[in-house]
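Counting with this note's numbering, you get residues 4 to 670 for the letters of the sequence shown. Glycine residues also receive a C-beta, built at the ideal position from the N, C-alpha and C atoms. Treat the numbers as computed from the prediction; the structure is a model and nothing was measured. Working notes, beginning with the structure itself.
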Amino acid sequence: MNDREAKERIEQLRKKLHYHNYRYYVLDDPIISDSEYDMMLKELKELEESYPQFYDENSPTVRVGGAPLNKFEKVEHKIPMLSLEDGFDDNDIREFDRKVKRFLKLPEDKKIAYSVEPKFDGLSIDLIYENGKLTVASTRGDGYVGENVTQNIKTIRNVPLVLPIDTPPMYLDVQGEVLLTKEEFERINQERLKNGLNVFANPRNAAAGSVRQLDPKETAKRNLIMIMYYIRQIEGYKRKILSQHDALEALKEMGFPTSSLNRLVVGIEEAIEYKKELEIKRETLPYELDGIVIKVDDFELQESLGATTKSPRWAIAFKFPAQQATTKIKDIEVNVGRTGILTPVAILEPVNIGGVVVSRASLHTMDEIEKKDIRIGDVVFVQRAGDVIPEVVKPVKDLRDGSEKKFVMPEKCPVCGSRVVKDGAYYRCSNINCPKVLKESIKHFVSRKAMNIDGFGDKLIEQLVDKGIVKNIADIYELDKETLMGLDRVGEKLAENLISSIQRSKGTTFAKFIYALGIRHVGEFVAKLLAERFKNLENLKKATKDELLAIDGIGEEIADSVVSFFSEPKNLQTIDKLLYYGIHFEDKTKEHSRIAGKSFVFTGTLSKPREYFKELIEERGGIVRNSVSKNLDYLVVGENPGSKLKKAKQNGVSVISEEELYRLLEG
């Protein structure tokens with residue numbers, strides 16, 4: 004291959020990879036397999052190494068991160084990144100509407116069109132594109148001068164390095180938010196705990212810390228996402244943009260990720276209603292929202308309103324109730340988990356955080372308690388984020404009066420009295436037959452994401468273990484109606500339902516079974532990786548550490564844990580017993596499912612969390628996407644559907660109800 008041929012091939016591969024990145028990370032609608040993408044990326048890397056003269060700073064290969072920086076350079080914003088005026092209740096929002104009308108000399112009963120958008124709890128970033136190529140990414144800083152974080156932002160997969168359109172604007176300045184999902188936030192904090200590092204207090208701090216890494220390779224390890232919401236300046240675009248709603252559509256046209264929660268309303272009362280809707284919905288979202296932003300939609304009106312020295316007059320940010328509060332630690336208890344790890348838990352004076360009364364909060368590990376210097380009797384900041392267990396962020400040391408006591412990890416297990424041993428950052432009960440370990444293992448085994456056995460509440464599990472009826476998770480399959488009816492509060496009907504649920508659980512997927520075994524460090528995602536790679540139990544039992552490490556997403560700790568689990572005779576006996584009682588894997592049913600290979604998107608409010616339906620669909624070989632396109636098979640519509648319904652109808656997509664989805668799933 005000569006230089007000319009190499010250059011042509013490199014440019015061709017870059018163009019294809021930029022396009023497929025856009026389809027995968029922005030549209031959520033890939034048209035090639037992961038392996039095809041990986042092969043193209045591998046070829047491009049090899050060509051770039053062989054022909055360094057054709058280096059391009061916006062090549063898809065920069066996603067992995069470049070060389071570390073000594074410091075961040077300062078960037079002066081051409082247009083100041085002003086903060087927004089805050090509102091804390093509905094009256095503040097109505098007063099904002101009145102101010103807008105007074106300034107514009109409009110009648111009080113005039114209904115203004117507003118763009119209502121989610122206020123993300125992340126890090127605000129400004130992106131500049133010249134002729135469709137990303138040239139500068141900078142933080143907000145003080146609003147006038149920020150920091151150049153271009154190399155780090157380029158590692159974020161859903162940020163287009165080159166706009167995937169034929170005629171990009173000559174100059175484009177856009178603003179968006181860098182976020183971490185709740186799941187990724189938890190993963191990062193668990194990893195930091197294992198490495199003896201302080202955990203991040205909230206997803207925003209974690210996102211900011213990730214973007215401000217001097218080594219872009221470290222940023223690339225964290226699965227950051229970015230959502231765009233504002234065009235600050237645009238020159239040379241194919242059409243004029245007249246409103247904020249229009250700008251959000253233009254951002255989508257240009258290949259940027261935007262929020263599906265944006266809504267155009269008429270009148271401030273509609274804005275308040277939508278604010279209430281989002282406040283309810285926020286707990287079910289994969290990322291944190293800390294409020295909404297209400298913007299006058301019409302750009303001419305925005306221009307007339309202008310700005311003060313601090314903030315634009317045409318927008319207000321409404322903050323949801325605080326997800327953090329102060330309270331007092333009354334005591335610290337120790338919980339024993341299913342792997343025998345002792346976890347300290349703060350017993351709190353009950354406090355309302357974001358509408359939920361919290362009386363307990365995780366302290367994670369003894370190391371974490373010592374690093375934060377948390378004591379019994381301390382007044383502390385407590386945080387609750389989505390479905391994440393509440394945690395103690397830090398003590399208020401200025402309020403100490405000398406009566407506070409340092410916590411000491413017990414030398415004996417609080418459940419069985421066995422010796423407690425230190426295991427890295429953790430303390431563990433040395434008794435493998437500790438009753439609490441068995442109870443927690445059963446709780447995990449029967450959970451919905453594992454074997455999905457309905458009816459096994461904490462009280463029932465306690466009785467089964469305390470009475471010696473269940474000594475091992477496999478003993479669940481020996482239970483009969485008479486034994487169950489001999490337990491407190493278990494009548495004939497409940498016993499029959501439990502037996503039916505136990506029988507139903509025998510047909511499961513290989514991935515769910517692996518997850519149900521409770522192997523240390525093996526969550527749902529890793530269980531799926533193991534199931535896909537090894538296909539059956541015999542292969543998995545024989546897996547070597549090297550074979551496990553060859554799987555993308557599995558590191559030393561997980562590999563060691565899996566090898567250790569399957570080398571333990573007691574675990575192998577449990578598995579053999581489970582298979583003897585009829586556990587079998589039904590992964591192949593995907594091939595015969597009516598929905599195998601079919602794609603689904605949800606809109607509106609459903610009777611159960613979307614994650615529930617997502618799991619049902621994926622178990623049967625279906626695919627759940629985030630956005631509507633002409634290639635979508637089904638749009639599932641709940642109450643109060645959003646703009647996806649209109650788009651689905653325009654694209655000829657089948658629109659079905661929740662009831663119709665159930666019928667498809669049963670087929």
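query: Can you tell me whether DSSP reads S246 as helix, strand or coil?
result: Assigned with DSSP and collapsed to three states, S246 falls in strand.
DSSP puts A328 in a beta bridge; with which residues?
Paired residues: V385.
Simplified DSSP state of L20, which is helix, strand or coil:
When secondary structure is reduced to three states using DSSP, L20 falls in the helix class.
* Asked: Taking the Cβ atom as the reference point for each residue, do L130 and V78 lie within a distance shorter than 8 Å?
  -> Not a contact, by the Cβ cut-off of 8 Å.
Open item on the list: If distances are taken between C-alpha atoms only, which option among N475, K197, V360 comes closest to K573?
Closed with: Among N475, K197, V360, the Cα nearest to that of K573 is on N475.
Is it true that the CB of K515 sits closer than 8 Å to the CB of A477?
-> Using a Cβ distance threshold of 8 Å, A477 and K515 do not count as a contacting pair.
Problem - Alpha carbon of S246 to alpha carbon of V631, nearest angstrom - result: C-alpha separation (whole angstroms): 23 Å.
Notebook entry, point to check: Mapping DSSP to helix, strand and coil, what is D6?
Noted result: Correct three-state label for D6: helix.
| said: I'd like the span of the alpha helix (DSSP H) that includes N208, first residue to last. | reply: Boundaries of the alpha helix (DSSP H) around N208: 206–214.
Tell me whether K591 sits in a helix, a strand or coil according to DSSP, three-state version.
Confidence at K591 is low in this model, with a pLDDT of 45, below 50, so the placement of that residue is unreliable and no value is reported for it.
Starting from D89 and walking both ways along the beta strand (DSSP E), at which residues does that stretch end? For D89, the uninterrupted beta strand (DSSP E) segment begins and ends at 88–90.
Using the rule of at least 16 other Cβ atoms within 10 Å of the residue's Cβ for burial, across every protein chain shown, is C547 buried or exposed? Looking at the sequence itself, residue 547 is Thr, so the reference to Cys does not match. Within a 10 Å sphere around the beta-carbon of T547 sit fewer than 16 other beta-carbons, which makes this residue exposed.
Requested in this report: With DSSP collapsed to three states, give me the class of D390.
Outcome: Per-residue confidence for D390 stands at a pLDDT of 43, beneath the threshold of 50, marking its modelled position as unreliable; no derived number is given.
Requested in this report: Counting only the same chain and skipping the five closest in sequence on each side, list residues whose C-beta sits under 8 Å from that of T64.
Outcome: Its chain contains L44, L47, K48, E51 as the residues whose beta carbon lies nearer than 8 Å to that of T64, once the 5 sequence neighbours on both sides are disregarded; these appear in chain order.
ask   = Would the beta-carbon of T142 fall within 8 Å of that of E150?
value = Yes, these two residues count as a Cβ contact at 8 Å.
**Prompt:** Excluding the five sequence neighbours on either side, which residues of its own chain have a C-beta within less than 7 Å of the C-beta of Q386, listed in chain order?
**Reply:** Counting only Cβ-Cβ distances below 7 Å, and skipping sequence neighbours, we find A204, N205, Q326, Q327, P393, E394, V396.
**Straight-line gap, D390 to E11 (C-alpha atoms, nearest Å)** = The predicted position of D390 is uncertain, since its pLDDT is 43 and thus under 50; no value can be drawn from it.
With which residues is G294 paired in a DSSP beta bridge?
Under DSSP, G294 forms a beta bridge with K122, K322.
Practice problem: Go ahead and label L575 buried or exposed: buried means 16 or more other beta carbons lie within 10 angstroms of its beta carbon, across all protein chains shown. | Solution: Exposed, because fewer than 16 other Cβ atoms sit within 10 Å of the Cβ of L575.
task = Write down the C-beta distance between F603 and R613 rounded to the nearest angstrom, noting that I regard them as a contact closer than 8 Å.
result = In fact, because the Cβ distance is near 10 Å, the residues do not count as touching under 8 Å.
Looking only at its own chain, which residues have a Cβ that is under 7 Å from the Cβ of F106, when we skip the five neighbours before and after it? In chain order, L308, R316 place their CB closer than 7 Å to the CB of F106, counting only its own chain and leaving out the 5 sequence neighbours on each side.
Discussion item. Report the CB separation of L482 from V296 in whole angstroms; it is logged as a contact under 8 Å.
Written reply: A Cβ-Cβ separation of about 54 Å leaves L482 out of contact with V296 under the 8 Å criterion.
Check your understanding: For L609, which residues from the same chain have a beta carbon less than 6 Å from its beta carbon, with the 5 sequence-adjacent residues on both sides left out?
Key -> Answer for L609: G641, E661, listed in chain order.
**Item:** Nearest neighbour of V348, chosen from K224, I319, H21, I332 [CA to CA]
**Value:** Of K224, I319, H21, I332, the residue nearest in Cα terms is I332.
What is the C-beta distance between I598 and R628, in whole angstroms, given that I count them as a contact (C-beta under 8 Å)? Actually they do not touch by this definition, with Cβ atoms about 13 Å apart.
| In whole angstroms, what separates the C-alpha of R403 from that of F410? | So the alpha carbons of these two residues sit roughly 15 Å apart.
Requested in this report: Take every Cβ of the region 267–274, pair it with every Cβ of the region 116–123, and state whether three or more of those distances are shorter than 8 Å.
Outcome: A contact exists between the region 267–274 and the region 116–123.
- Message: Rounded to the nearest angstrom, what separates E98 and D334 at their Cα positions?
- Response: Cα to Cα, E98 sits roughly 45 Å from D334.
Assuming contact is defined by CB atoms lying nearer than 8 Å, are E194 and P289 in contact in what I supplied?
No, these two residues do not count as a Cβ contact at 8 Å.
- What runs of the alpha helix (DSSP H), each 4 residues or longer, lie entirely inside the region 396–450? For the region 396–450, whole alpha helix (DSSP H) runs of length 4 or above, ordered along the chain, are 438–449.
Residue closest to M42, alpha-carbon to alpha-carbon, out of G340, K19, V449
The candidate whose alpha carbon is nearest that of M42 is K19.
Where the beta strand (DSSP E) through L345 begins and ends
Where L345 is concerned, the enclosing beta strand (DSSP E) stretches over 344–356.
Can you look up E535 in the DSSP assignment and give me helix, strand or coil? It is helical.
Practice item. Report the rounded CA-to-CA distance for L366 versus V202, giving the unit in angstroms. Key: Computed Cα separation, rounded: 11 Å.
Decide if E39 is buried, meaning its Cβ has at least 16 other Cβ atoms within 10 Å, or exposed. So E39 ends up on the exposed side.
Sequence ranges, beta strand (DSSP E) only - wholly within the region 585–646, length at least 3:
Correct list: 602–606, 637–640.
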